[in-house]
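Take a look at the structure set out below.
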Amino acid sequence: MSAQSEKPARSRRLTRADAWLAPLAGGGALLLYARTLAPGLLPYDSGEMQVLTYLLGNTHPTGYQVYLLLANLFARLPTGGLAYRVNLFSAVSAALAVAGVYLSGRLMGGGRWAALFGALAFIEQKPHREGEHSESSVIAYVEAHIGEHPVYWTDCLPELRAAGYECQPRLVGPTTLYRVLPAER
């Protein structure tokens, strides 16, 4: 095959447009999440997480220690009630995950539109639509930043498990769509 007929390899470098699109996608997700955020204490596990964020206590067996520690820092903001700040933390974490999925898609060599579609498809609506906290938003944020390494999607690093990180194959669906969509030309 001649050098002229070969297709150029996809770039694994981020551009200025990527530097604008990632925060734009994350910001759009944050607006959606903030619009549907619950203002107060919630029932069941959500309320447990909100209270234990302040107390830095231990939750039921799965733990979610990373969520509690990070939410505790965020809950010190001087705005709204404690429950609202914990819910806001989950929304911010989920929005950062959306931006991270976009950047991971671009770094894996995907087209800009495919990465953007994958990031927007990643928006988790159910917990925020119902106004509940979502420790999975922190999980999603971590997964978005290790998204270049597909082995982590189904298998978890022992260090992450030791830190209380619950590993789940969340990125498989959006990443599959990203891989199927044609690359930007």
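Quick note, the sequence shown lines up with residues 172 to 356 if you use the numbering used here. Glycine included, every Cβ here is placed at the ideal spot set by N, Cα and C.
If the criterion is Cβ atoms closer than 9 Å, does the pair residue i and residue j meet it?
i, j, result
"L253", "A205", "no"
"L357", "L192", "No information on residue 357 is available, as it lies outside the stretch 172 to 356 that the chain covers here."
"M220", "L202", "no"
"V257", "T207", "no"
"P214", "Y255", "no"
"A268", "F293", "yes"
Run through DSSP, which three-state label would residue i get?
i, result
"P194", "helix"
"N229", "coil"
"T207", "coil"
"L212", "coil"
"M220", "helix"
"F293", "coil"
"G199", "helix"
"A246", "coil"
"R184", "coil"
"L252", "Looking at the sequence provided, one finds Gly at residue 252 rather than Leu. Looking at G252 - three-state DSSP - the assignment turns out to be coil, as it is neither helix nor strand."
"G282", "coil"
"Y235", "coil"
Name the residue from the options whose alpha carbon lies nearest to the alpha carbon of residue i.
i, options, result
"A290", "G280, A270, G281 and L212", "A270"
"L195", "G280, A285, R277 and A266", "A266"
How big is the Cα-Cα spacing for residue i and residue j?
i, j, result
"G218", "S264", "18 Å"
"P249", "N229", "25 Å"
"A285", "L226", "42 Å"
"R283", "L274", "9 Å"
"V322", "G276", "A caution first: V322 carries a pLDDT of 37, below 50, which makes its placement in the model too unreliable to give a value."
"L244", "V222", "14 Å"
"Q236", "A242", "10 Å"
"G251", "L212", "12 Å"
"G281", "A188", "14 Å"
"A190", "G197", "12 Å"
"A200", "L278", "21 Å"
"R247", "D216", "21 Å"
Spell out whether any CB of chain B is found under 9 Å from the CB atom of residue i.
i, result
"L203", "The structure shown contains no chain B, having only a single protein chain."
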